[in-house]
Amino acid sequence: MMKELQIRHTSSFAVDPAVDARFMALALALGRRGLGNTWPNPAVGAVIVRNERDGGPVVVSRGWTQPGGRPHAEVEALRRAGEAARGAIIYTTLEPCSHFGQTPPCADAIIAAGIARVVSALGDPNPEIAGEGYRRLRAAGITVVTGVGAEEARRAHAGHVRRMREGRPHVTLKLAISADGKVGLAGRRPAAITGEAARAHVHRSRAMHDAILIGIGTALADDPLLTVRLPGMAQRSPVRVVLDSALRLPPDGKLARGARDVPLWIVAAPDAPAARADALRATGAEVLPVDGSADRRDLAAALKLIAARGITRLMVEGGPTVAAAFVTAGLVDEAVLLCSSATIGPDGIDALEGLPLTALTRSAQLRSRGVEMLDGDTVETFERT
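First residue of the sequence shown? That's 7 in this note's numbering, and the numbers climb one at a time after it.
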């Protein structure tokens, strides 16, 4: 970690795209610390830099959106910089906010601190901002540069952008599959498919999402916890969401028993049995009625509901039925396939109920970002084109 320095002298900034790219990469890395932990706010990173006449640019402070979404990254960086912010440059991964919410606007704080130049990766699609932050900074005489690191920033802020523009969270579908494309044993029995390294990868991914979703079939078959079980990271466990039309989730199962420690939201039919709803609410779970039919709830309506409650990044770990429903509905924005070298056999459960795996891997909506090795397993990531 870079040591914060006291600055002796500052000269005017020379515009160097390579320098801007380097400090924006640092800001993006800082912002990723907050993924899954700042909703409903985006996980922003910020870096404040001054130019030393005898030593070039020097980082004087860093900031990232704090748990729960406040303080914002820019305000955190300004607080740490103090007077060293005057005449400096701030790199931020998202347009500084310009509206009064629960805190004053970051754009006003940047102006008051005497920042001379703002480098921002991405405009904020929030209709309360949408360019107003940049306009306010420029009106104050501050130089504003936009678009530096924009491609990576779009990935980092995909949840916030999709929630603002489409009213739903960014959806990542995770599938652990055997070499022959199976996700479980005959009779819908669960199977340990991937190794420890791949499972650790899944837990890290859970920690970077606001919520994790499964269907009632997986909940009943596996009785999962759906928490982050890496050392020191239990507090980063996401909200657990279960699609359960008839409220069949048992109140004495692992999910419901842990509802007071890690939030549990159950998406049910409006006419689900009231007694079952009461029993689940007694455990600390929340029951959320959504119109739909059978156990395949109206996914668009369910996503709109949880987005309205602040969720920006959703990880889907459901079984073949839920996975296929998301693929068929065109609601997969990102997919992570963890593939084992072992096979299960023809009697195993296919990864997508009623669909070939190519419906995902060769979808016109998705493209592969590449494959990495994790011990004996492979991880391939797909993203929306």
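Think of the CB as a built atom: it goes at the ideal place given N, C-alpha and C, for glycine as much as any other residue.
Could you give the C-beta distance for residue i and residue j, rounded to a whole number, given that I count them as a contact under 8 Å?
i: Val55; j: Leu36; result: Wrong, their Cβ atoms sit about 13 Å apart, outside the cutoff.
i: Gly69; j: Ala83; result: 3 Å
i: Ala49; j: Arg38; result: 7 Å
i: Arg266; j: Gly290; result: 4 Å
i: Gly120; j: Ala31; result: So it is not a contact: roughly 25 Å between Cβ atoms.
i: Arg373; j: Glu386; result: No, Arg373 and Glu386 are not in contact; Cβ-Cβ is about 11 Å, not under 8 Å.
i: Lys188; j: Ala357; result: 7 Å
i: Ile350; j: Ala197; result: 6 Å
i: Leu249; j: Ala308; result: 7 Å
i: Leu41; j: Met239; result: No, Leu41 and Met239 are not in contact; Cβ-Cβ is about 13 Å, not under 8 Å.
i: Val208; j: Ser243; result: So it is not a contact: roughly 13 Å between Cβ atoms.
i: Phe45; j: Asp186; result: According to the sequence displayed, residue 45 carries Trp and not Phe. Between Asp186 and Trp45 the Cβ distance is about 37 Å, and since that is not below 8 Å, they are no contact.
i: Glu138; j: Ser104; result: 4 Å
i: Gly194; j: Ala227; result: Per the sequence presented here, residue 194 reads as Arg, with Gly not at that position. Between Ala227 and Arg194 the Cβ distance is about 6 Å, and since that is below 8 Å, they are a contact.
i: Ala206; j: Leu34; result: That pair is no contact at about 23 Å.
i: Asn47; j: Pro73; result: Actually they do not touch by this definition, with Cβ atoms about 10 Å apart.
What residue range is occupied by the uninterrupted beta strand (DSSP E) comprising residue i?
i: Asp383; result: 383-390
i: Thr367; result: No beta strand (DSSP E) holds Thr367; the alpha helix (DSSP H) holding it covers 364-367.
i: Gly190; result: 188-190
i: Val247; result: 245-249
i: Glu359; result: Here Glu359 belongs to no beta strand (DSSP E), and DSSP marks it neither H nor E.
Once the 5 residues before and after residue i are set aside, which same chain residues still bring their CB inside 8 Å of it?
i: Thr224; result: Pro230, Glu323, Gly324, Gly325, Val328
i: Thr109; result: Arg76, Pro77, His78, Val81
i: Pro279; result: Ala252, Leu253
i: Leu361; result: Ala330, Val333, Thr334
i: Ala348; result: Ser184, Ala185, Ile199
On the three-state DSSP scale, how would you describe residue i?
i: Thr16; result: Unreliable positioning characterises Thr16 in this predicted model, as indicated by a pLDDT of 42, which lies under 50. A coordinate reading is not provided.
i: Ala300; result: Legend: pLDDT at Ala300 = 41, less than 50; position of this residue unreliable, no value from coordinates given.
i: Glu10; result: Confidence is the limiting factor: at Glu10 the pLDDT is only 38, short of 50, which leaves the residue's position unreliable, though a coordinate-based value still follows. Residue state, collapsed to three classes: coil.
i: Arg38; result: helix
i: Asp216; result: coil
i: Val268; result: coil
i: Gly336; result: coil
i: Ser347; result: coil
i: Ser104; result: coil
i: Ala280; result: helix
i: Gly221; result: strand
i: Ile117; result: helix
i: Gly433; result: Past the boundaries of the shown model lies residue 433; the chain is included only from 7 to 391, so the question cannot be answered.
i: Val151; result: strand
i: Val293; result: strand
i: Ala83; result: helix
i: Ala136; result: coil
i: Arg76; result: coil
i: Arg242; result: helix
i: Gly93; result: coil
i: Gly273; result: In the sequence as displayed, the identity of residue 273 is Val instead of Gly. Three-state DSSP puts Val273 in a strand.
i: Arg195; result: strand
i: Gly201; result: coil
i: Gly325; result: coil
i: Asp353; result: coil
i: Pro237; result: coil
i: Val21; result: coil
i: Leu253; result: coil
Which residue or residues does DSSP assign as beta-bridge partners of residue i?
i: Asn57; result: Pro63
i: Lys180; result: Val342
i: Met379; result: Thr384
i: Asp229; result: DSSP, once it has assigned bridges, lists no residue as partnering Asp229.
i: Thr98; result: Ala52, Ser126
i: Leu372; result: Arg390
i: Gly69; result: Ala52
For residue i, report the span of its alpha helix (DSSP H) as first-last.
i: Ile312; result: 305-314
i: Gly259; result: Per DSSP, Gly259 belongs to no alpha helix (DSSP H) and is neither H nor E.
i: Leu320; result: Premise fails: Leu320 lies in the beta strand (DSSP E), 319-322, not in any alpha helix (DSSP H).
i: Gly165; result: 164-172
Looking only at its chain, what residues have a beta carbon closer than 6 Å to the beta carbon of residue i, apart from the 5 residues adjacent to it on each side?
i: Ala204; result: Leu344, Leu380, Asp383
i: Leu232; result: Ile218, Arg246
i: Thr98; result: Ala52, Glu80, Ser126
i: Thr1; result: Outside the modelled stretch of the chain, which goes from 7 to 391, sits residue 1, for which no answer is possible.
i: Ala192; result: Asp353
i: Gly376; result: none
i: Thr178; result: Met321, Glu340
i: Asp130; result: Leu100, Glu101
i: Arg86; result: Ser67
Closer than 7 Å by C-beta to residue i: which residues in its own chain qualify, once you throw out the five before and the five after it? Chain order, please.
i: Leu255; result: Ile222, Ala225, Val248, Leu261, Ala262, Ile272, Leu286
i: Arg169; result: Pro175, Ala313, Thr318
i: Asp399; result: Since the first and last residues shown for the chain are 7 and 391, residue 399 lies out of range.
i: Arg282; result: Leu253
i: Lys310; result: Gly173, Arg174
i: Pro23; result: none
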